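Residue numbers (the working numbering): 968 to 1106.
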Amino acid sequence: YIYPYEENKQALGLNIFSDKERKEALLSSMERNAFETTSRISLVQDHQNNFGLLFFYPITSARDRKGFATAVVRISTVIEKALAGFEQDEICIKIQESKTNGESIIFSKNCLNSDEKIFEEYTYFQNIPLTRHFYRNCR
968 YIYPYEENKQ ALGLNIFSDK ERKEALLSSM ERNAFETTSR ISLVQDHQNN
1018 FGLLFFYPIT SARDRKGFAT AVVRISTVIE KALAGFEQDE ICIKIQESKT
1068 NGESIIFSKN CLNSDEKIFE EYTYFQNIPL TRHFYRNCR
């Protein structure tokens, strides 16, 4: 079952166990009986602005049928809505996921020259733990 159908119909029938990130998140959610997220993935629902995260939560029906409630989060949409009304042309926003093998950029906007030494005093980092993942917001 997918709702809303029109925006998500391309995901209907997708074998989510065929993707390593989705499979790991599902298994972790089931084992811990808790919310779990994927790392950044390419969403099949949208071919343009398609990076996002999936949130899974295990559920059991009254007839003992098991499944997952799933939320699809498009990262760029969340950032755009959070910054609505602010002048965004001069702001660099970068969100990274910390992994054991390094960091992976989840989202980046206007950050082409942000590594220059002149910008160091204007940099702010915030660590955000989320399920088994650890995100770092850099502004």
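Idealized CB from N, CA, C, for every residue including glycine. A quick note: this is a predicted structure, and the numbers were derived from the prediction, not measured.
query = Using the beta-carbon count (16 or more within 10 Å), is Glu1047 buried or exposed?
reply = Looking up residue 1047 in the sequence shown gives position 80. By the neighbour-count rule (16 or more Cβ atoms within 10 Å), Glu1047 is not buried but exposed.
message = I'd like the list of long-range same chain contacts for Thr1005, defined as Cβ closer than 7 angstroms, with 5 residues on each side in sequence excluded.
response = Translated into the one-based positions of the sequence shown, residue 1005 becomes position 38. For Thr1005, where only same-chain residues beyond five positions count, the Cβ hits under 7 angstroms are Glu988, Arg989, Ala992, Leu1020 and Leu1021.
query = CB-CB under 6 angstroms to Ser1075, same chain, minus the five flanking residues each way: which ones, in chain order?
reply = For the purposes of this step, residue 1075 is taken as the residue at position 108 of the sequence shown. Here the set comprises Lys1061.
key: Backbone secondary structure at Ala970 - three-state DSSP   = Walking along the sequence shown from the start, residue 970 turns up at place 3. Correcting the residue identity first, residue 970 is Tyr in this sequence and not Ala. Coil, per DSSP.
Spatially closest choice to Ser1009 from Asn1000, Gly1052, Phe1023 and Asp986, by CA coordinates = As a first step, residue 1009 must be located in the sequence shown, where it is residue number 42. Out of Asn1000, Gly1052, Phe1023 and Asp986, Asp986 has the C-alpha closest to the C-alpha of Ser1009.
request  = Taking only the alpha-carbon atoms, compute the straight-line gap between Ile1026 and Gly1034 and give it to the nearest angstrom.
outcome  = In the sequence shown, the residue the question calls residue 1026 occupies position 59. In the sequence shown, the residue the question calls residue 1034 occupies position 67. If I take the Cα positions, the gap works out to 5 angstroms.
query = Taking DSSP as the reference, what is the three-state secondary structure of Arg989?
reply = For the purposes of this step, residue 989 is identified with residue 22 of the sequence shown, where counting begins at 1. DSSP places Arg989 in helix when its eight states are reduced to three.
inquiry  = What residue range does the beta strand (DSSP E) around Ala1001 cover?
reply    = For the purposes of this step, residue 1001 is taken as residue 34 along the sequence shown, with counting starting at 1. No beta strand (DSSP E) contains Ala1001, which DSSP labels as neither H nor E.
ask   = Per DSSP, what kind of secondary structure is Ile1026 in: helix, strand or coil?
value = What you label residue 1026 is simply residue 59 of the sequence shown in a count that begins at 1. Looking at Ile1026 - three-state DSSP - the assignment turns out to be strand.
query = alpha helix (DSSP H) containing Val1045: first to last residue?
reply = If you number the sequence shown from 1, residue 1045 lands on position 78. Unbroken alpha helix (DSSP H) run through Val1045: Ile1042 to Ala1049.
Cβ neighbours of Phe1002 in the same chain (closer than 8 angstroms, five flanking residues each side left out) = In the sequence shown, residue 1002 corresponds to position 35, counting from 1. Excluding residues within five positions, the ones whose Cβ falls inside 8 angstroms are Ser996, Phe1022, Phe1023, Tyr1024 and Thr1098.
request  = Could you have a look at Lys1084 and say whether DSSP puts it in helix, strand or coil?
outcome  = Along the sequence shown, one-based indexing puts residue 1084 at 117. Any reading at Lys1084 needs caution, since the residue's pLDDT is 48, under 50, leaving its predicted position unreliable; the model's value is listed next. If DSSP states are grouped into helix, strand and coil, Lys1084 belongs with the helices.
query = CB-CB under 6 angstroms to Ala978, same chain, minus the five flanking residues each way: which ones, in chain order?
reply = The residue labelled residue 978 in the question sits at position 11 within the sequence shown. Answer for Ala978: Val1011 and Gln1012, listed in chain order.
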